[in-house]
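**Student:**
Numbering (the working numbering), first residue to last: 200 to 433.
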């Protein structure tokens, strides 16, 4: 008999940042949650924390950081001083002159391997809190890394118009979005606020694995390319 070749599986931990888009913090008079996307955000967090995928000979897991505008722009947040008006972008400061929290956030973004955007739809477009939060940091922090778009809305269009608007925005920052998107109409109807699924087999939830698989494939490819050749020089 010929000897059996055993290929050792290596582990790849992707440093993954989730950007939440909405800063709503008030319950509407007709009822419902203060922020429709909290359940979806928690579902995505739980999914990524529990995910252990295989890509070729590599085992892929995620190390998650969440940037939420309610926290980032809130009291003691990394961007509290600048505010959602984007008064003081990080890349406008001389090195070492930015607030410590802003520097720490920039470092996290630059060290990340990929990004997941959980976006509401405001007025057929991207929520301003997301644009301001991500726009505080120059494109060199995001460059040569992929992003995934997960959008939602209260209506049947599931945030599709915001998702389409995100494509040129993310591309300009340098974190190119993968081709698949996950779009969720009225996510609170099938996801609890803690992120647990009311029906784990709900057809809408079956969008997530394909999007994340593409994100992982691109993140590993770009990470390997950067390691071999360095980032793209302008």
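Cβ coordinates follow ideal geometry from the N, Cα and C atoms, glycine included.
Quick check on the DSSP output: what are the complete alpha helix (DSSP H) runs of length 4 or more inside the segment 271 to 344, in order along the chain?
**Tutor:** 299 to 310 and 327 to 334
**Student:** One question on the structure: do residue 373 and residue 341 come within less than 8 Å of each other, judged by their Cβ atoms?
**Tutor:** For the purposes of this step, residue 373 is taken as residue 174 along the chain shown, with counting starting at 1. For the purposes of this step, residue 341 is taken as residue 142 along the chain shown, with counting starting at 1. Contact flag set, yes.
**Student:** Classify residue 220: buried if its beta carbon has 16 or more other beta carbons within 10 angstroms, exposed otherwise.
**Tutor:** Numbered from 1 along the chain shown, position 21 holds the residue referred to as residue 220. Buried, because 16 or more other Cβ atoms sit within 10 Å of the Cβ of residue 220.
**Student:** Leaving out five residues on either side along the sequence, give the residues of the same chain with a beta carbon under 6 Å from the beta carbon of residue 259.
**Tutor:** Walking along the chain shown from the start, residue 259 turns up at place 60. Once the five neighbours on either side are set aside, the close Cβ partners of residue 259 are 211, 252 and 415.
**Student:** From this set, 209, 291 and 389, which residue's C-alpha is nearest residue 336's C-alpha?
**Tutor:** Mapped onto the chain shown, residue 336 falls at position 137. Selected option, being the one with the closest Cα: 291.
**Student:** For residue 266, which residues of its own chain have a beta-carbon under 6 Å away from its beta-carbon, when the five flanking residues on both sides are left out?
**Tutor:** Position 67 of the chain shown, counted from the start, is the residue given in the question as residue 266. Answer for residue 266: 218, listed in chain order.
**Student:** With distances taken between CB atoms, is the gap from residue 208 to residue 238 smaller than 8 Å?
**Tutor:** Taking the first residue of the chain shown as position 1, residue 208 is located at position 9. Taking the first residue of the chain shown as position 1, residue 238 is located at position 39. Note that the C-beta distance between residue 208 and residue 238 is not below 8 Å.
**Student:** Taking all protein chains shown into account, do 16 or more other C-beta atoms lie within 10 angstroms of the C-beta of residue 402, making it buried, or fewer, making it exposed?
**Tutor:** On the chain shown, position 203 is the one that residue 402 refers to. With fewer than 16 Cβ atoms within 10 Å of its Cβ, residue 402 is classed as exposed.
**Student:** If you measure between the beta carbons of residue 425 and residue 308, is that distance less than 8 Å?
**Tutor:** Indexing the chain shown from 1 puts residue 425 at position 226. Indexing the chain shown from 1 puts residue 308 at position 109. No, the Cβ-Cβ distance between residue 425 and residue 308 is not below 8 Å.
**Student:** What residues match up with residue 402 in a beta bridge as DSSP calls it?
**Tutor:** Within the chain shown, numbered from 1, the residue matching residue 402 stands at position 203. Beta-bridge pairing links residue 402 to no other residue.
**Student:** If we count the other Cβ atoms within 10 Å of its Cβ and call it buried at 16 or more, is residue 389 buried or exposed?
**Tutor:** Position 190 of the chain shown, counted from the first residue, corresponds to residue 389. Buried, because 16 or more other Cβ atoms sit within 10 Å of the Cβ of residue 389.
**Student:** Could you pull the start and end residues of the beta strand (DSSP E) that residue 384 belongs to?
**Tutor:** The count along the chain shown starts at 1 and reaches residue 384 at position 185. It spans 374 to 384 - the beta strand (DSSP E) in which residue 384 sits, taken as one unbroken run.
**Student:** So, is residue 289 buried or exposed, given that buried needs 16 or more other C-beta atoms within 10 angstroms?
**Tutor:** Translated into positions along the chain shown, residue 289 becomes position 90. Result: buried.
**Student:** Could you work out which residue in 383, 394 and 313 is closest to residue 344 when comparing CA atoms only?
**Tutor:** Translated into positions along the chain shown, residue 344 becomes position 145. Of 383, 394 and 313, the residue nearest in Cα terms is 313.
**Student:** Please name the residue, chosen from 311, 364 and 297, that lies closest to residue 324 on a Cα-to-Cα basis.
**Tutor:** Translated into the one-based positions of the chain shown, residue 324 becomes position 125. If we check each option's Cα against that of residue 324, 364 comes out closest.
**Student:** Is residue 399 buried or exposed, if buried means 16 or more other CB atoms sit within 10 Å of its CB?
**Tutor:** Counted from its first residue, the chain shown places residue 399 at position 200. Burial call: exposed.
**Student:** Do residue 235 and residue 319 have their C-beta atoms closer together than 8 Å?
**Tutor:** Counting from one through the chain shown, the residue named residue 235 turns up at place 36. Counting from one through the chain shown, the residue named residue 319 turns up at place 120. The answer is yes: Cβ separation under 8 Å.
**Student:** Given a threshold of 16 other Cβ atoms within 10 Å of its Cβ, counted over all protein chains shown, does residue 276 qualify as buried or as exposed?
**Tutor:** As a first step, residue 276 must be located in the chain shown, where it is residue number 77. Classification of residue 276: buried, given that the 10 Å Cβ count is 16 or more.
**Student:** Determine which residues share a DSSP beta bridge with residue 350 and list them.
**Tutor:** By one-based count along the chain shown, residue 350 stands at place 151. Bridge partners of residue 350: 318 and 382.
**Student:** From residue 196 to residue 356, what distance separates their C-alpha atoms?
**Tutor:** Nothing can be reported for residue 196: it is not among the residues displayed for the chain, which extend from 200 to 433.
**Student:** When the Cα atoms are used, what is the spatial distance from residue 244 to residue 213?
**Tutor:** Indexing the chain shown from 1 puts residue 244 at position 45. Indexing the chain shown from 1 puts residue 213 at position 14. Here the alpha carbon of residue 244 sits roughly 14 Å from the alpha carbon of residue 213.
**Student:** Hey, residue 261 and residue 247 are a contact pair by Cβ (cut 8 Å); roughly how many whole angstroms apart?
**Tutor:** Position 62 of the chain shown holds residue 261. Position 48 of the chain shown holds residue 247. Residue 261 to residue 247, Cβ: 4 Å. Contact.
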